[in-house]
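In what follows, a structure is listed as structure tokens, so that the remarks can point back to it.
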Amino acid sequence: MSRLSRLLEACLRILFGLGTLSLMLLALGVSLGRQLAPLVADTRLEVQARVRDVLGMPVLIRALEGEWTALVPRLLARDVTIGEGVDALHLERVQVRLDLLRTLMARELRVAALELEGVRFALVQDAEGRWTLEGAPQRGRQRPFNPDESLRALERIDHLSLLDSQITFAPHGQAPFAFRDVDLTLRSDGWQQRLDGRLSLPDGQPLQWRLQGKLADAGWRQSDAELYVSLPQSDWAGWVPRSLTGDWQIERLRAGGEVWLSWAEGRLQRAASRLQVPELRVRRAGQAPAGVRDLALNGHFLRDGEDFRALLDSLAVDFGPSRWAGVQIALEHRAAADAPSPWTLTANRLDLTPLMPLVQSLAPLPEGVGSALAGLRPRGILRNLRLDYRPQSEDGRRLAYAANLEGVAFDAWNAVPAADNVDGSVSGDLAGGELRLNGDDFALHLAHLFPRPWRYRHAAGRLLWQVDEQSVTLRSPYIQTDGEEGRTAIDFLIRLRRDPAEEDYMDLRVGLRDGDARYTEKYLPTLSPGFSPPLAEWLKTSIRAGRLDEGQFFFQGALNKGAEAGTRSLGLFFKVRDLELAYQPGWPELREAQGEVFVEGGGVRVALDRGRVLDTRLISARAEVPAAKGGIPMLHLESELEGSVGDGLRILREAPLETAKIFAGWTGEGPLQGRLKLDLPLRREAGQPAQVVAELRTEGARLSMAQPDLQLTRLRGAFTYDTARGLSAPEIRAEAFGRPIRGRVLAEGRKGRTRTRIQVDGQVPSASLAEWLQVSRRLPLSGELPYRLELLLDGANSRLQVDSTLRGLRIDLPEPFGKSAQESRDTRWYMTLEGAERRYRLDYADRASLALAAPLGRFGEGRGELLLGGGQAQLPATKGLWLRGRIATLDWDAWQAFLALLAGQAASSVGLLRGAELDIGSFQGFGTTLRSLGVLLTSSRAGWNLQLDGPQIKGRIAIPATAKAPIDIDLSHLQLPATARGTAGAPAGATAGSDPLLLVDPRKIPALDVRIARLQQGAELLGAWSFKAQPLPDGVQFSDLDLDLKGLRVLGSAGWQGSPGATRSWFRGRLQGGDLADVLLAWGFAPSATSRKFRVDIDGNWPGSPAAMTLRRYTGSFDISLRKGQFREVDGAASALRMFGVLNFNSIGRRLRLDFSDLFGKGLSYDRVKGLIEGRDGVYRTEIPLTLSGPSSNLELDGRLDLPGDSIDAKLLVSLPVSNNLPLAALLVGAPAVGGALFVVDKLLGNRVARFASVQYRVQGPWQEPRITFEKPFEKPR
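Under full-length UniProt numbering, think of the first position of the sequence shown as 1, with each following residue one higher.
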């Protein structure tokens, strides 16, 4: 035990000593390395030479440093250049870390880490596609690059880094681009290597990867490796060399994602990817660009020995308006020892509609395949697609296919029929195949024969094809369909020869049962050269409805364009009932027809057992459209008919015949029998007219015409209508206006132009004539009107003429147009019935002549002339009606009464009237008679202008176009009738005469602006008048009154309100003048008062019109003022009292028995007369006493005047000047009572009586002869 302990102790001492020695040696070595490391810079040239010898090319080291960290020595070289010239490689920094332990053990230099920084080099592509590395030094004599040797050399370096470097690519014909910030790190642990890399793309996005694996001794291809790449979202289009894409140019490739790869045994074993491509756009040479958006996919690859499988999972992509989603596409290859190895492509779902444009734009298809795809334009969805490709096979089995179809469609191409919405399955190979069809909403289109596809609700059947070196054959043994037209069965065979000189052939049969005749159009081979286009159009448009019991269509023959007619044959047969046939546009349809239709040899035969047109029955009808042979196809129809007059007129009215306008609006009732023959061209634009011959009989029928509006009843006759001549009847009898008529119808047409003349004689009561003219008011006619009517139906020359003597008809019109029933006056009415402008003419003996032309129903747009007094009226060139001529006598009141009957129809006449020019011998109206009056009425945009020219009136009246503008009356002179002399001088208000304007409605008086330069009443001149009238809601107001009444000027405004019989008038203004004596004389009064000037301000109203003003009904005020005048003593009944209407001042003086002749002679002088009188309903009161101030006396009247009661009650104050030299004896002698009173007063008051003496009187009694009594004397206040 002790020996073991001593042995262990000795071992420990040895180990400790060795460790201590190792540590000392290590410390010595580290210390020595740290001391010697700075001396490395002095060996820069030796190191530079050594490296140059190793590399075999010039090397330049600008700076060299050495460091010792722990046990690792490190060499740092800066600004290193390897090589020379343009191929020199410049390194900013090179750092080498040595592995001393491995170096000592391996006895050769081992590098722990090598870092290269700032490497710059470029890859440049030449025109031939070869790449050259620029920026790397080239040895004089280079061996071929051996990757295995390079990789073995790198195994000596544990850690190799390439930092902050740049690689520039310069593809040929493209702008160069650089990958910056390139960082590569290679780690090697002796048996496994790992390469981590990172760089910045030209757009700044980072690209990262990681490659790890183990090098195999057999070479790098036999090594195992795994690669991971992270791709950023960038546009890669500009970085892909065009030499890699060939005929394709990538215009835009925005993509990113991740990729995993696994390599072993010299080939790819596994792969996975996840890619996102927001946008991809590629252009192929000579094609338009094509692209997709939002492409996303997960890719997988797995190899199992010689077998492999590639899968695109969750494929989604946007093709413009459509998007794929959830698509899986797999490519599989399985090796077989005893058979050719097939390649199999499968897809769960492919939508062909967006895929085909990409294939046509990008795929390098053979010319034949490309044109076929362009022509067929396949679309729809393929499910469970499988393609088997056997490269070793040389027959049609090289490519086999199978798929389920969903909504697949393709267009017609080279006689291949088109199909739409095909559901079913397809299988086959390059030599042939089969389509099994079973689906809804199916369509088939044989484009060589039929313009539109056949559509069916359901279809089931088989379609087979076979392809060989001579032809392509399409064959369908059966296709059963169910459509709107009924149940059909189709079989066909189409053989298309590859040699254009050989004949393409088709055999087609279609059977139809229990169908709808409206759909027979779809089975008309209108595109076949042997089928007449007009016949096809007629068959398509004519069959409107009906039931098809059975039908057949067949076609056999060549499909080549330009083939002879004998190389093909076709036919149609229909058995129909309840057929509706529109045999010609515009003609009434044939209904309820039953028969058979045959189409063969370019013609049509129709045999009908029965049918109906409108309500007319056709019996044993036969129709035929023979082969035209280059001409115009014609429809020939013959039939017996039983119907009505209404149906016959409707055919003439609605059918495309020349009679359509003539019989427009005609209606009728009654039986009609006859026979009908029709020859109608199937093409209306051909210019060949329809030929119609109808022989018809009727009795007891009713006929209503539109132009003119005329009704015939109990019509009887035999009529023949021929489109070549017209309508004819040897004799017709009927009733019109309740009276029998008799006439005939003549057919005068020639050269295919119809012309019919109807001649009728009869009589019409005036009441029936008024009703026919649609006049609701009573016309001034009575009795019966004999007439001879001639109606010409000749297209645009159609016209109506009525002649009559008017004997038996009384016309109640004012002279000179009225007549008695026994008097005859030859009259003619003429009017055209066609044309845009209708012509009318009326000749009424020698009294009146009317010529008028106007569009139908728009007389307001017409033009014409009405000539009175003899002569023929002529049509003017301008629009409007002119009234011209001469009238001996015009009674305005009589014409007003007549025009009142036509008030409802007058508006259109006024709108048509444009002017009048009349000479009136005697005009009677408005209470006056005007002789030799000339009237000229013209219109303008502003309104109407009426010029009057005669000895009694002359001037202009302007009536504006707008209702709010005033009527302007400007007369140079107007002479009113003279009034009776006795009424002119009657005292105002003496009598309450009747109102001459009692029945006038002031609310209807328009706005007026009146100016009369010279107004006369009889031979007396009143003066000039002017005023304005403005309508009010309840009447009218007269403003700016300025009336001259023989020197009495009336100024102010007046009003007139109310309804007729209950009106009231008012006046606010002034009556003024100069010498009152002149005014009194002018109005027939005695000149009992004079004045220098006078005025009366009036503000009052009265019942009735302004012409009914009397003082007995007046309510208002009079403000009276007279200046410098005299009241004279006048002999006779007239006196100055009439001026005031109250008192006679001279009579007052005489009643006071005072003699004033020494003061003012025979009369009373004054300086001023003034006063304010208020009245109500003829009772007046002095608000301000009526005062007369004169040089010799003053008079003051204050009181009340009752005109309706014929009484006055007032006080009169008389003031006389009395001088001191005038003895009171004079008064005592002359007037004892006055003198006595003044004497007493004088004694009491002294000299206060020296100035004036005043006396008060009481005036009472009748106002024309009042009683004046003395009351008292008094002194007038100073």
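Backbone N, C-alpha and C fix where the C-beta goes; we use that ideal spot for every residue, glycine too.
Segment limits, alpha helix (DSSP H) that includes residue i
| i | result |
| --- | --- |
| Asp647 | Val645 to Glu654 |
| Glu1196 | Segment Asn1194 to Asp1202 is the beta strand (DSSP E) holding Glu1196; no alpha helix (DSSP H) there. |
| Ala536 | Pro533 to Ser542 |
| Glu771 | Ser766 to Trp772 |
| Ala374 | Glu367 to Leu376 |
Straight-line gap, residue i to residue j (C-alpha atoms, nearest Å)
| i | j | result |
| --- | --- | --- |
| Trp944 | Val935 | 13 angstroms |
| Ser593 | Glu638 | One point to set straight first is that residue 593 is Ala, not Ser, in the sequence displayed. In a straight line, the C-alpha of Ala593 is about 15 angstroms away from that of Glu638. |
| Asp843 | Leu793 | 23 angstroms |
| Val606 | Ser728 | 32 angstroms |
| Gly546 | Gln360 | 48 angstroms |
| Thr1187 | Ile1098 | 18 angstroms |
| Arg697 | Glu669 | 13 angstroms |
| Arg778 | Ser1207 | 58 angstroms |
| Leu746 | Arg755 | 8 angstroms |
| Arg349 | Pro357 | 18 angstroms |
| Arg462 | Gln212 | 59 angstroms |
| Arg379 | Gln691 | 53 angstroms |
| Val96 | Leu162 | 12 angstroms |
| Gly1175 | Trp1056 | 20 angstroms |
For residue i, the three-state DSSP class (helix, strand or coil)
| i | result |
| --- | --- |
| Pro681 | strand |
| Tyr523 | helix |
| residue 1299 | For residue 1299 there is no data in the structure shown, the boundaries of the chain being 1 and 1278. |
| Val1079 | helix |
| Val240 | coil |
| Ala415 | coil |
| Leu512 | strand |
| Arg52 | helix |
| Met356 | helix |
| Asp846 | coil |
| Trp587 | coil |
| Met57 | coil |
Per DSSP, the bridge partner or partners of residue i
| i | result |
| --- | --- |
| Val1000 | Answer is none; Val1000 lacks a bridge partner. |
| Tyr389 | Trp343 and Leu399 |
| Ile732 | Gly743 |
| Asp318 | Arg293 and Arg323 |
Own chain partners of residue i with C-beta closer than 6 angstroms, once the 5 adjacent residues on each side are dropped
| i | result |
| --- | --- |
| Leu512 | Gly486, Thr488 and Gly551 |
| Glu642 | Arg617 and Gln673 |
| Leu866 | Leu850 and Leu883 |
| Thr1269 | Arg1258 |
| Thr81 | Leu60, Ala88 and His90 |
| Gly299 | Ser273 and Leu312 |
N- and C-terminal bounds of the beta strand (DSSP E) containing residue i
| i | result |
| --- | --- |
| Lys1028 | Glu1020 to Leu1032 |
| Met705 | Gln691 to Met705 |
| Trp1066 | Ala1062 to Gly1073 |
| Val1096 | Lys1093 to Pro1103 |
| Glu469 | Here Glu469 belongs to no beta strand (DSSP E), and DSSP marks it neither H nor E. |
| Lys1124 | Thr1115 to Arg1128 |
| Met831 | Thr827 to Thr832 |
| Ala127 | Counting along the chain, Ala127 falls outside any beta strand (DSSP E), and DSSP gives it neither H nor E. |
Own chain, CB closer than 8 angstroms to residue i, minus 5 neighbours either side, in chain order
| i | result |
| --- | --- |
| Arg398 | Tyr389, Arg390, Pro391, Asp429 and Leu430 |
| Gly738 | Pro765 and Ser768 |
| Ala986 | The predicted model places Ala986 with a pLDDT of 40, which falls under 50 and marks its position as unreliable, so this point remains unresolved. |
| Gly835 | Ala796 |
Neighbourhood of residue i by C-beta distance below 7 angstroms, restricted to the same chain and skipping five residues each side
| i | result |
| --- | --- |
| Pro278 | Arg254, Arg293 and Asp294 |
| Asp440 | Arg457 and His458 |
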